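Only one structure is covered here, and it is reproduced in the block below.
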Amino acid sequence: MGYREVYDSWLADPSGFWLEQARKLEWEREPAIGVDEAAGIYGRWFPDGICNTCHNALDRHVAAGHGERTALIYDSPVTGTKRRFSYAELLHEVKAAALMLTDLGVAAGDRVVVYMPMVPEAVISMLACARVGAIHSVVFGGFAARELAMRIEDAQPRVVLSASCGIEPSRVIPYKPLLDAAIEQSRHKPQACVILKRPEAEAALTPGRDQDWDEAVGRARAALEEGRASPCVPVPATHPLYILYTSGTTGSQKGVLRDHGGHMVALHWSMEAVYGVKPGETFWAASDVGWVVGHSYIVYAPLLAGCATVLYEGKPVGTPDAGAFWRVAAEYGVCVLFTAPTAIRAVRKVDPEAALVKEHDLSRLRALFLAGERADPDTVEWAENSLGVPVIDHWWQTETGFAIAANPLGIEKLPVRRGSPSVPMPGYRIEILDEAGQPVPPGTFGTIAIRLPLPPCALPTLWRSDQRFRDVYLSAYPGYYSTADAGMLTEDGYVWVMGRTDDVINVAGHRLSTGGIEEVLAAHPAVAECAVIGVKDDLKGEIPCGFVVLKSNSAQASQALAREVAALVRERIGAVASLKRLLFVDRLPKTRSGKILRGTMKKIADDESWNMPATIEDPAALSEIETAWKTDV
């Protein structure tokens, strides 16, 4: 069937569609119920099913005779380390880690915080938690002590799994002092911490609380060899698998909850349907296990599908150059690469002619997928021309866990429309609503909402905060989940996501998308990347202001160039979008996942108080924005 037939089959029978997908996995008790109607708005999936995610990600493949197939590829240019794990080898390591957790008193329902860099032990820790029915909460390695303390206090873990340090291209970040400070600040105290000691940094263990990873897992390996079992613990499909904290647009942490059953069914379906990847092939999500992309598409989805997944401890540029992605893709035969638009813009800035692409054999690469923030058409076009493969923008959120809208290569490759993440995926009935919550005609700008219930894999609620889940996501438009993204649907069903609803600015009564203005700026041949924010104006309420990073081989910043870029905006959007203030900067402030911190930039411009975001990649970038804003006249 083509896309339309598949989507319509879901629309006609949502429960039946996902029950059919559920039968492709193994269950302790196979579900007979799809979505629980009694759960109403929550849409709890497979409530009568019993399963275990780790079993389906590892044991199932080994039992089927695929134990020698590659499961995990670790490539660390920052340490010069490369390792491969077969499914059988990874299963053995996960069994040992699971025994270690059991010996520390961890049982089904207990929480375990994972505060690790991009090392195999991070993946092993997550799967070990799933194996014993514990709920893992991965915190991005290197988060500030205060942010880590907030997550420890909220999740109340029995155990924390961490490492002595993380490694950046130009520095080593000690984790253990941050962990110690976080535990001191938190009212909740974990019973034990297990620390992976890396040679790049020492870690002083706290007597009575801390254990050395190698020693603790070594004891568990010995127990396995002596015949001790490390079974998967069967849990209800609705049993929590993990908590992933996200601040979103509110600035305060929200614990997004994911369950075992719906999560594994939707992710397993997505690997072939959305990405077109089959068992035995190599898939690479160039992200971090601290983010939802890492959870869904470094760890769980590729392993559920029987693929090899790449764990990369490096950067798109600087480890050692802007050809790093192409080197990894060529070396391991990656068939689909998934990364953020920011990463591609960073590569393009350093290597605008794509000379480094030509140095590597990318004949096995079939597609590049982009997500994380809007992929501007200029970046998509550059990547298409450079790689010679489809470049697919797709859109999803931490809360949904997999794509809301995409171009489903495994079902039918639809025409690519640069700037659009294509069409809704099964599970998502998208509508565009006005401020009163009423649907608007095709081609009309508004808030993107999803009619309830949400599909499998989407959050059923927030951790320990059911009312907040209702307040944040469901209260604005009864009967819908509000994505807090703005955009439109066209007559032929394509979705256009132009940015967060708080990135829609009101200029003298005209609603303008900052994403639309950014699209015009990015089309200028001298612009490597850009960000547009709305700043306060006494006359018009708000006016757009642009921050631009130029390509390394482009002309120098000048008033003439600023006028040229502003004229392009007037030409393509109109005089109401007049960009009277354009600032040239060396870099834009971003989170570690690549999202530009537009909200903080706006606070700087509006002379409001602001705090350094915990997720920021380079704090000095915000200082540069502040200096540029104050000195520009």
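Residue numbering for the sequence shown follows the numbering used here, beginning at -10 and increasing consecutively.
Glycine residues also receive a C-beta, built at the ideal position from the N, C-alpha and C atoms.
What you are looking at is a predicted structure, and each value in this text was computed from that prediction instead of being measured.
Could you name the residues that DSSP lists as bridge partners for residue i?
i: K579; result: I585
i: C43; result: Note: C43 sits in no beta bridge, so no partner.
i: G390; result: None; G390 has no bridge partner.
i: I113; result: According to DSSP, which records beta bridges pairwise, I113 is partnered with nothing at all.
i: V429; result: Partner(s): none; V429 has no beta bridge.
i: Y234; result: G244
i: K619; result: According to DSSP, K619 bridges with nothing at all.
i: G435; result: G476
i: G535; result: V521 and L571
i: R72; result: Y63
i: V323; result: T271
i: W34; result: V24
i: S126; result: V102
i: L451; result: V245
i: P229; result: D248
Hey, quick one: how far does the alpha helix (DSSP H) through residue i stretch, first residue to last?
i: E597; result: No alpha helix (DSSP H) contains E597, which DSSP labels as neither H nor E.
i: R337; result: P330 to V339
i: V(-5); result: Y(-8) to A1
i: L398; result: Element bounds for L398: n/a, residue is neither H nor E.
i: L137; result: A134 to A144
i: Y104; result: Premise fails: Y104 lies in the beta strand (DSSP E), R100 to Y104, not in any alpha helix (DSSP H).
i: T503; result: T503 to A511
i: L292; result: A290 to L293
Can you give the Cα-Cα distance for residue i and residue j, rounded to whole angstroms?
i: L300; j: H284; result: 12 Å
i: I532; j: G416; result: 38 Å
i: T616; j: E261; result: 48 Å
i: T238; j: V484; result: Low confidence applies here, because T238 scores a pLDDT of 41, under 50, leaving its location unreliable and the question unanswered by this model.
i: A218; j: V127; result: 26 Å
i: G476; j: H383; result: 14 Å
i: P467; j: M414; result: 22 Å
i: K71; j: V317; result: 11 Å
i: K619; j: R576; result: 17 Å
i: R353; j: P268; result: 15 Å
i: R176; j: Q145; result: 9 Å
i: A610; j: Y231; result: 32 Å
i: T589; j: T368; result: 24 Å
i: E17; j: S502; result: 49 Å
i: D596; j: K525; result: 10 Å
i: L213; j: R49; result: 19 Å
i: R73; j: C519; result: 38 Å
i: G426; j: V461; result: 15 Å
i: W385; j: I593; result: 28 Å
i: P109; j: V(-5); result: 37 Å
i: V149; j: P163; result: 16 Å
i: H81; j: R12; result: 26 Å
i: G240; j: A52; result: Below a pLDDT of 50, predicted positions are generally treated as unreliable, and G240, at 48, falls in that range; the measurement from the model is reported next regardless. About 45 Å.
i: L292; j: P223; result: 19 Å
i: V378; j: A356; result: 5 Å
i: K165; j: I141; result: 15 Å
i: I124; j: C154; result: 24 Å
i: G122; j: I39; result: 12 Å
i: V496; j: G530; result: 6 Å
i: H636; j: S259; result: Residue 636 is absent from the structure shown; the chain starts at -10 and stops at 622.
i: V405; j: F434; result: 21 Å
i: E613; j: V554; result: 21 Å
From what residue to what residue does the beta strand (DSSP E) around residue i run?
i: P371; result: First, the amino acid is wrong: residue 371 is Trp here, not Pro. W371 -> not in any beta strand (DSSP E); alpha helix (DSSP H) instead, spanning P366 to L376.
i: A556; result: Not the beta strand (DSSP E): A556 falls in the alpha helix (DSSP H), residues Q548 to R561.
i: T59; result: T59 to S65
i: T298; result: A297 to Y301
i: A344; result: From DSSP, A344 is part of no beta strand (DSSP E); its letter is neither H nor E.
i: Y469; result: Y469 to L478
i: P188; result: No beta strand (DSSP E) contains P188, which DSSP labels as neither H nor E.
i: I381; result: V380 to D382
What is the C-beta distance between residue i and residue j, in whole angstroms, given that I count them as a contact (C-beta under 8 Å)?
i: L116; j: L246; result: That pair is no contact at about 18 Å.
i: V278; j: V288; result: 6 Å
i: I421; j: V429; result: 5 Å
i: G390; j: A343; result: Between A343 and G390 the Cβ distance is about 33 Å, and since that is not below 8 Å, they are no contact.
i: T387; j: L233; result: 6 Å
i: G583; j: A332; result: 6 Å
Does the beta carbon of residue i sit closer than 9 Å to a beta carbon anywhere in chain B?
i: H252; result: Reference to chain B is not applicable here, since this structure consists of a single protein chain.
Legend entry - the region 511 to 522 contacting the region 291 to 310, beta-carbon criterion three pairs below 8 Å: no
Inset, instruction - Indicate whether the contact test is met: 3 or more Cβ pairs, each with one atom in the region 219 to 233 and one in the region 181 to 201, closer than 8 Å. - result: no
Inset, instruction - Please confirm if the region 88 to 99 is in contact with the region 321 to 339, defined as three or more CB-CB distances below 8 Å between the two stretches. - result: no
Legend entry - Cβ contact check for the region 29 to 48 and the region 6 to 20: 3 or more pairs under 8 Å: Counting Cβ pairs under 8 Å, three or more are found: they touch.
Inset, instruction - Inspect the CB distances between the region 100 to 114 and the region 131 to 150 and report whether three or more fall short of 8 Å. - result: yes
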